[in-house]
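If you count the sequence shown from 1, position 150 lands on 150 in my numbering, and the numbers rise without skipping.
Some notes on the structure that comes next.
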Amino acid sequence: MEPLRKALREGLRRLGKHIACVGLPNVDESTFRSFVLAALIEQCPTAKCQLEWHTYDMLTQIGGENALIEFKFYVFRRTRHLDESDGPWKGNAGVQNQRETRACIKKLSVRQYRPIHHKYLILAYENKLPAHSKLKNSFDEAYGVDGFFFKEEDVHRLIGPVESIQCEGKGLDRLTCEFIRIHQ
1 MEPLRKALRE
11 GLRRLGKHIA
21 CVGLPNVDES
31 TFRSFVLAAL
41 IEQCPTAKCQ
51 LEWHTYDMLT
61 QIGGENALIE
71 FKFYVFRRTR
81 HLDESDGPWK
91 GNAGVQNQRE
101 TRACIKKLSV
111 RQYRPIHHKY
121 LILAYENKLP
131 AHSKLKNSFD
141 EAYGVDGFFF
151 KEEDVHRLIG
161 PVESIQCEGK
171 GLDRLTCEFI
181 RIHQ
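Structure, rendered in structure tokens:
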């Protein structure tokens, strides 16, 4: 689904400008999804899109084909106390995020609605551990092309090719985006 790939690249470009303004820790999944949606509608004016369609993040209808899309966006965040001192880190590539991603893949793999022609997970994550953090696992070690998460049997059998979308531009050097087709 080339229109979606193009929109994803453009959405990432726009996200980079936003990150340069507000910082990566202040960006979330819904912001990312909105940039991709706007880029898709601009590039493909005949596309019909719905956010939060049933239990899915997005339904797109382009050229007579329906696609369900889920987004996952993981970054490290350092919380701050009211006195501006450092609080705990949030966003480790731990069990909770892996469980959420696995549930997302399994949800997409189920045939609930017909006709659905394509199912995708768009997974964006910060690819480096923050300096001076005591976090143990990076998202890149977990979700990167060679990451352990996608080698787990219950996940591996449900996914098609994992395509890395290049994140180019200011503010995007710490972000990796994977475009993952889910088997029908």
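Glycine included, every Cβ here is placed at the ideal spot set by N, Cα and C.
Please read these numbers as outputs of a predicted model, since none were measured by experiment.
Looking at the DSSP output, histidine 118 sits in a beta bridge with Ala67.
Following the DSSP letters along the chain, one finds glutamine 96 inside the alpha helix (DSSP H) bounded by residues 95-109. Here asparagine 92 is buried. Its C-beta has 16 or more other C-beta atoms within 10 Å.
Relative to the Cα of asparagine 26, the nearest Cα in the group Leu121, His118, Arg80 belongs to Arg80. Measuring C-alpha to C-alpha distances from lysine 72 to each of Gln184, His183, Phe179 identifies Phe179 as the nearest.
Per DSSP, lysine 17 is not a residue of any beta strand (DSSP E); the alpha helix (DSSP H) it occupies stretches across 2-22.
Here isoleucine 105 is near valine 155, since their CB atoms are less than 8 angstroms apart. Isoleucine 69 places its beta carbon 8 angstroms or farther from that of threonine 55.
Per the DSSP secondary-structure output, phenylalanine 73 pairs in a beta bridge with Ala124.
The three-state secondary structure of serine 30, taken from DSSP, is helix. If you check the CB distance, glycine 11 and phenylalanine 32 come in under 8 angstroms. By the 16-neighbour rule on beta-carbons within 10 angstroms, alanine 39 is buried. Counting only the Cα atoms, glutamate 42 lies some 31 angstroms from arginine 102.
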